[in-house]
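Mind the numbering: the sequence shown is residues 85 to 575 in the numbering used here, read in order. See structure below.
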Amino acid sequence: MSELREECGVFGIYSQETQDVASTTYYGLFALQHRGQESCGIVVNDEGLFRYDKDGGLVNDVFTKPVLKKLGMGQMAIGHDRYSTTGNNDRDNAQPIVVKHHKGKMAVAHNGNIVNSFELRTQLELEGCIFHTTSDTEVIAYMITKERIKTHSIEKALNNAMSKIEGAYSLVIMSPQKILACRDPYGFRPLCYGQRSDGAYVVASETCALDAVGAEYIRDVEPGEIVVFSKNGVKSIKDHCGTKPHKICIFEYLYFARPDSIIEGKSVHRAREIAGELLAEQFPVDADIVVGVPDSGIDAAIGYAHKSGIPYGMGFIKNKYIGRTFIAPGQKNREDKVRIKLNVIKGTVEGKRVVLVDDSIVRGTTITRIIDLVRKAGAKEVHVMSSAPAFTDACYYGVDVDTKEHLIACQCDYDMKKIAEKVGADSVGYLDVNSLNEIIGNEPGEGFCSACFGTGYPTQVPTGQKDRFEEKINGAETEDEEEDYELYLRD
Numbered sequence: 085m086s087e088l089r090e091e092c093g094v095f096g097i098y099s100q101e102t103q104d105v106a107s108t109t110y111y112g113l114f115a116l117q118h119r120g121q122e123s124c125g126i127v128v129n130d131e132g133l134f135r136y137d138k139d140g141g142l143v144n145d146v147f148t149k150p151v152l153k154k155l156g157m158g159q160m161a162i163g164h165d166r167y168s169t170t171g172n173n174d175r176d177n178a179q180p181i182v183v184k185h186h187k188g189k190m191a192v193a194h195n196g197n198i199v200n201s202f203e204l205r206t207q208l209e210l211e212g213c214i215f216h217t218t219s220d221t222e223v224i225a226y227m228i229t230k231e232r233i234k235t236h237s238i239e240k241a242l243n244n245a246m247s248k249i250e251g252a253y254s255l256v257i258m259s260p261q262k263i264l265a266c267r268d269p270y271g272f273r274p275l276c277y278g279q280r281s282d283g284a285y286v287v288a289s290e291t292c293a294l295d296a297v298g299a300e301y302i303r304d305v306e307p308g309e310i311v312v313f314s315k316n317g318v319k320s321i322k323d324h325c326g327t328k329p330h331k332i333c334i335f336e337y338l339y340f341a342r343p344d345s346i347i348e349g350k351s352v353h354r355a356r357e358i359a360g361e362l363l364a365e366q367f368p369v370d371a372d373i374v375v376g377v378p379d380s381g382i383d384a385a386i387g388y389a390h391k392s393g394i395p396y397g398m399g400f401i402k403n404k405y406i407g408r409t410f411i412a413p414g415q416k417n418r419e420d421k422v423r424i425k426l427n428v429i430k431g432t433v434e435g436k437r438v439v440l441v442d443d444s445i446v447r448g449t450t451i452t453r454i455i456d457l458v459r460k461a462g463a464k465e466v467h468v469m470s471s472a473p474a475f476t477d478a479c480y481y482g483v484d485v486d487t488k489e490h491l492i493a494c495q496c497d498y499d500m501k502k503i504a505e506k507v508g509a510d511s512v513g514y515l516d517v518n519s520l521n522e523i524i525g526n527e528p529g530e531g532f533c534s535a536c537f538g539t540g541y542p543t544q545v546p547t548g549q550k551d552r553f554e555e556k557i558n559g560a561e562t563e564d565e566e567e568d569y570e571l572y573l574r575d
């Protein structure tokens, strides 16, 4: 159970034949639900007619049978699961965003964050653009539309806009005739595509969504590449490929992606196992049992147990029926809410020295409560291992890592003993930042972004705007509401 929040999941389907693309998109978004639980949306294209629906909530709550029936049949559709790293969490900011202009229509679904959003938005407003959302996705939509008015095709417009947009973006875009998929030149966020036996092409943030709709994986969209799906087949545009260093977010492997996904040819499950194995080498502990915090800490715990020789045990039962909006009736105690979400299996930990493996430690609030639950279940010792390094800096590329003053590692001057004392553990260990390359087989410092772990930002840092993390914290009515939001949004 992490204190981090997800980013977004994007999905699209292109078919030459009319079919139930709305239901296919529903299943794809369902498979990507782990990437965002605040809101979701689907846009169906039926011979140029766009029908769409979006709202706050989980996929199966928003897209009921009557809603899917209303969306109807079509040849194309795109969808989006949202977690807001920029923009308020309200229905207006739900995606995809649909734009109408004198050359036609366009729908945009976006995963990531652009770092020059403030500057571009200001420029567009001075030119007369009126914004209806606070999301940077609308900035992207306007930039593409602005270029589309001057160009002969949607792909040319997107290609031109990419020269002016800086930051992280994996996009699925739908015009009346085409679906486009693209990644920013750094390749911060994943995107791939495949094909079903009926000939339909499917685009998704992760391969697990391809599996869910019966599509066979073909390949990842390359950093900087635009892939166009149309009646003429599949076309690749690589004008922006190779213009920036490759910087896939390392946290896709450590936390965000589903374990059954393959990102850029590498197994997410195996990457997390390796992280656990490295932790066992870097922080050996004399213990009786290794326990993983559901869900994303389990793979690393298995790796730790395998490497250390300490038995792995199932230490928690997770209530899978609590959504983001769940409120414990009449309760304001944080510990009670953790207990409702997770229950410790007493027989696993009672009287034992426990190695507790989690995917990350951010503020330290949630892991403190979990440690307390394990101790109350009778554990003699609790040693906490984080399969991510210590967070030292904010992220501007789609991961909601807080500012320095809220990060427990910064608060404790990176002293492991101080951190352990603060969270109530017997010891704490973080994965060594210098070993990140080993989990995905890349050369040290090459091929991935780990800026939130203090290795430096690959782009400019956003300026001229109120810090989005500060805005999100101040936007909570109470401290309890902010903690509720952290807890129930993920795991």
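Virtual Cβ for every residue (Gly too), placed ideally from N, Cα, C.
DSSP assignment within the stretch 243 to 302 yields the following whole alpha helix (DSSP H) runs of 4 residues or more, N-terminal first: 291 to 296. The beta carbons of Ala288 and Gly112 sit about 6 Å from each other, so the pair counts as a contact at 8 Å. In terms of CA proximity to Thr543, Asn200 leads the group Asn200, Asn177, Ser444 and Asp456. Within the same chain, and ignoring the five residues on either side of Asn244 in sequence, the residues whose Cβ sits closer than 6 Å to its Cβ are Glu231. DSSP places Ile429 in no beta strand (DSSP E); its state is neither H nor E. By alpha-carbon distance to Asp510, the top candidate from Val311, Cys496, Asp497 and Arg437 is Arg437. DSSP places Lys322 outside both helix and strand once states are collapsed to three, so it counts as coil. Among the bridge pairs identified by DSSP, Arg175 is matched with none. If one requires a minimum length of 3 residues, the beta strand (DSSP E) runs lying completely within the stretch 85 to 135 are 92 to 103 and 123 to 130, in chain order.
In the displayed model, Met157 falls within coil according to three-state DSSP, outside both helix and strand. Taking a cut-off of 8 Å on C-beta distances, the stretch 218 to 229 does not touch the stretch 266 to 278, as fewer than three cross pairs fall below it. Using a 10 angstroms sphere on the CB of Ile233, the tally of other CB atoms stays under 16, which defines it as exposed.
Counted as a single uninterrupted DSSP element, the beta strand (DSSP E) harbouring Asp442 occupies residues Arg437 to Asp442.
At a Cβ-Cβ threshold of 7 Å, Leu515 and Ala463 do not count as neighbours. Taking one beta carbon from each stretch, the stretch 329 to 339 and the stretch 435 to 452 have 3 or more pairs nearer than 8 Å; the two touch. Remark: fewer than three beta-carbon pairs, one from each stretch, lie closer than 8 Å, so the stretch 375 to 392 and the stretch 480 to 489 are not flagged as touching. Considering only Lys430, Lys488 and Val468, the residue with the shortest C-alpha distance to Lys460 is Lys430. Below 8 Å, enough C-beta pairs join the stretch 258 to 267 and the stretch 186 to 196 to call them touching: three or more. The Cβ-Cβ distance between Tyr388 and Gly360 falls below 7 Å. Per DSSP, Asn144 is one residue of the alpha helix (DSSP H) stretching across Val143 to Val146.
In the three-state scheme derived from DSSP, where H, G and I count as helix and E and B as strand, Glu522 is classed as helix. Partner residues in the beta bridge of Phe313, as assigned by DSSP, are Ile263 and Val318. Counting along the chain, no alpha helix (DSSP H) covers Ala474, and no H or E run does either.
Rounded to whole angstroms, the gap between the alpha carbons of Gly283 and Thr476 is 47 Å. Apart from the 5 residues on each side of it in sequence, Ile451 sits with its Cβ closer than 7 Å to the Cβ of Asp442, Ile445, Val468 and Val507 in its chain, given in chain order. When secondary structure is reduced to three states using DSSP, Lys331 falls in the strand class. In the DSSP secondary-structure assignment, Tyr396 is bridged to Val374. In this structure the stretch 128 to 135 touches the stretch 151 to 158; the number of beta carbon pairs closer than 8 Å is three or more. The residue from Ser107, Asp104 and Gly120 with its alpha-carbon nearest to that of Gly93 is Gly120. In this structure, the alpha-carbon of Cys496 lies about 22 Å from that of Val369. Within the same chain, Cys92, Gly120, Glu122, Ser123, Cys124, Ala178 and Gln179 come within 7 Å of Arg166 by CB-CB distance, once the 5 residues on both sides are set aside.
The beta carbons of Val312 and Lys322 sit no closer together than 7 Å. For Tyr514, the enclosing beta strand (DSSP E) stretches over residues Ser511 to Tyr514.
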